[in-house]
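These notes are about the structure you will find just below.
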Amino acid sequence: MYPWKKRAIHRRTQREQKETGEERTTEYTEDTERRETEDGFFRESPRESKASTPAAQKQPGCFFRFPVSSVYSVVPSLSPFCVHLRLLWITSALTEIESRTLPVSPPPAVTTAAIRARRGPKAVVDPRRAYAFFRERERSADGIIEDVGTVLLTNRECPFTCVFCDLWRHTLDAPTPRGSIVAQLQEALPQLAPVSVVKLYNAGNFFDPQAIPPEDWPAIAKLVNEARVVIVENHPRLTDDRVLRFREMLPGRLEVALGLETAHEEILVRLNKQMTVADFERAARWLRDHDCDVRAFVQLGLPGLIGDDDVEWTVRSIETAFAAGAQAVSVIPSRAGNGLMDDWQIQGVFTPPRLESLHAVQQSGLALGAGRVFVDLWNAEQFASCPVCASQQVHALHQMNLTQSTIPWPECRCSVLSK
Ligand code: SF4
Ligand SMILES: [Zn+2]
Numbered sequence: 003m004y005p006w007k008k009r010a011i012h013r014r015t016q017r018e019q020k021e022t023g024e025e026r027t028t029e030y031t032e033d034t035e036r037r038e039t040e041d042g043f044f045r046e047s048p049r050e051s052k053a054s055t056p057a058a059q060k061q062p063g064c065f066f067r068f069p070v071s072s073v074y075s076v077v078p079s080l081s082p083f084c085v086h087l088r089l090l091w092i093t094s095a096l097t098e099i100e101s102r103t104l105p106v107s108p109p110p111a112v113t114t115a116a117i118r119a120r121r122g123p124k125a126v127v128d129p130r131r132a133y134a135f136f137r138e139r140e141r142s143a144d145g146i147i148e149d150v151g152t153v154l155l156t157n158r159e160c161p162f163t164c165v166f167c168d169l170w171r172h173t174l175d176a177p178t179p180r181g182s183i184v185a186q187l188q189e190a191l192p193q194l195a196p197v198s199v200v201k202l203y204n205a206g207n208f209f210d211p212q213a214i215p216p217e218d219w220p221a222i223a224k225l226v227n228e229a230r231v232v233i234v235e236n237h238p239r240l241t242d243d244r245v246l247r248f249r250e251m252l253p254g255r256l257e258v259a260l261g262l263e264t265a266h267e268e269i270l271v272r273l274n275k276q277m278t279v280a281d282f283e284r285a286a287r288w289l290r291d292h293d294c295d296v297r298a299f300v301q302l303g304l305p306g307l308i309g310d311d312d313v314e315w316t317v318r319s320i321e322t323a324f325a326a327g328a329q330a331v332s333v334i335p336s337r338a339g340n341g342l343m344d345d346w347q348i349q350g351v352f353t354p355p356r357l358e359s360l361h362a363v364q365q366s367g368l369a370l371g372a373g374r375v376f377v378d379l380w381n382a383e384q385f386a387s388c389p390v391c392a393s394q395q396v397h398a399l400h401q402m403n404l405t406q407s408t409i410p411w412p413e414c415r416c417s418v419l420s421k
């Protein structure tokens, strides 16, 4: 049982007690775990189900859940003292196995130059035109479904060059000319109005002066002054007093979207994101301390993670983001199409996630009860196992985004029907 699961089960148990007024022990027990698992609250991983015999379930503190007595039985019976020493050694080895991180294989180390060398050509973009804008609906922290206008700004490419990122396609090589972001918003915003929330997503970092010239901030703030919330994206390492200067120009609230990507330190370092989990935590806490709202991006299906490990680590990442102060988390399925990611897919280092995993992550993320959990559904049909059921399954995830409650997964029954 992983610590985040225990904590989530504790929280749920405590919530249930509060609602029913029932007096029960709140300590975690194996019974609690079994009840939650039977509810379908958490998926049982193959690793956990390997030893599901009653005898195995009774063994506490064993990662693989096989009876510790079966290990003892293979120890040669020498002197009682030797047996005792061996038993001590085995017990400590089992404790070590349980306490270490999940067994994942981080992807190979890569450099910015290597990532860029494998890319295809950029799209032709006009610095005076946003490369896309659209309206969508999103549930607010107050439970209201609001109209959101998203503008995908055209600006200078992000300098960080994460291995999974394909946002560089619609960016400029040179610093963004002064006035061009204002021109983009002057064209896009009237076509989106009226909206309560404006997302100014810029394929990079809003507070990178080469991407969004600070001289343009006052004009940008004026253009979005009717929005209740303005959301910008930014790298944790670029989160400082610049944010406060822009926030002071807005009548509404400022929300900053920070990419955590994963709480797995070894994988994070291989993504070339050039930050640590601590950098994310520092930025998120700093923003909350300075009266800004925070959302986090985490990735599902990162290179080196697959199947249940991938789901486990993504849920851990959601929990890390909430613990650092994020009020909402968006889960983004990792995609190929970036050159190196395509190579890694062929080599088995990267496996695109499945739609079912996205559902499992959102379900577990919502069960944490710590904030809103959204899943990114852009072109999400590509992750479905069955093309016939894809739209129904994406619709279910869309409803979960809007309601922030779990909807049962629409299983594919095509193979059953065709028999
Ligand atoms: S920091 Fe964000 S925009 Fe920049 S490369 Fe990484 S994911 Fe892409
Ligand atoms: Zn189907």
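If you're matching positions, the sequence shown starts at 3 in our numbering and goes up one per residue. No residue lacks a Cβ here, since even glycine has one placed at the ideal position from N, Cα and C.
| query | result |
| --- | --- |
| Spatially closest choice to Ser142 from Gly261, Ile409, Leu342 and Thr405, by CA coordinates | Thr405 |
| Ser2, enclosing beta strand (DSSP E) - first and last residue | Summary: the structure shown does not reach residue 2, with the chain confined to residues 3 through 421, and so no result is reported for it. |
| Cβ shell of Ser417 (< 6 Å), same chain only, five flanking positions each side left out | none |
| Identity of the residues DSSP links to Ile147 by a beta bridge | Arg141 |
| Euclidean distance between Cα positions of Val112 and Ala398 | 37 Å |
| Test item: CB-CB of Trp315 and His361 under 8 Å | no |
| Cα-Cα separation between Lys60 and Ser107, rounded to whole angstroms | Annotation note: pLDDT 30 at Lys60 (below 50); position unreliable, no value reported. |
| Segments assigned alpha helix (DSSP H), at least 4 residues, entirely inside the region 230 to 312 | 243 to 249, 267 to 272 and 279 to 291 |
| Own chain, CB closer than 6 Å to Val226, minus 5 neighbours either side, in chain order | Val200 and Val232 |
| Whole-number beta carbon distance between Ala205 and Thr173, since they are thought to touch under 8 Å | 5 Å |
| Paired residues, beta bridge with Lys224 - DSSP | Note: Lys224 sits in no beta bridge, so no partner. |
| Where the alpha helix (DSSP H) containing Arg374 begins and where it ends | It is not in any alpha helix (DSSP H) - Arg374 instead sits in the beta strand (DSSP E) that spans Arg374 to Val377. |
| Sufficient close CB pairs (3 or more, under 8 Å) joining the region 324 to 340 to the region 295 to 309 | yes |
| Contact test: Val390 Cβ vs ligand 2 heavy atom, cutoff 7 Å | yes |
| With 16 other Cβ atoms within 10 Å as the buried cut-off, status of Asp128 | exposed |
| Rounded straight-line distance, which links the Cα of Val234 to that of Leu256 | 8 Å |
| Endpoints, the beta strand (DSSP E) within which Val200 is located | Val199 to Tyr203 |
| Ala392 in three-state terms, based on DSSP | helix |
| Under the three-state DSSP convention, the category Thr152 falls into | strand |
| As assigned by DSSP and simplified to three states, the class of Phe136 | strand |
| Cβ pair Phe248, Ala286 closer than 8 Å | no |
| Which residues DSSP lists as bridging Leu174, in chain order | Arg158 |
| Proximity below 8 Å, CB of Val396 to CB of Gln364 | no |
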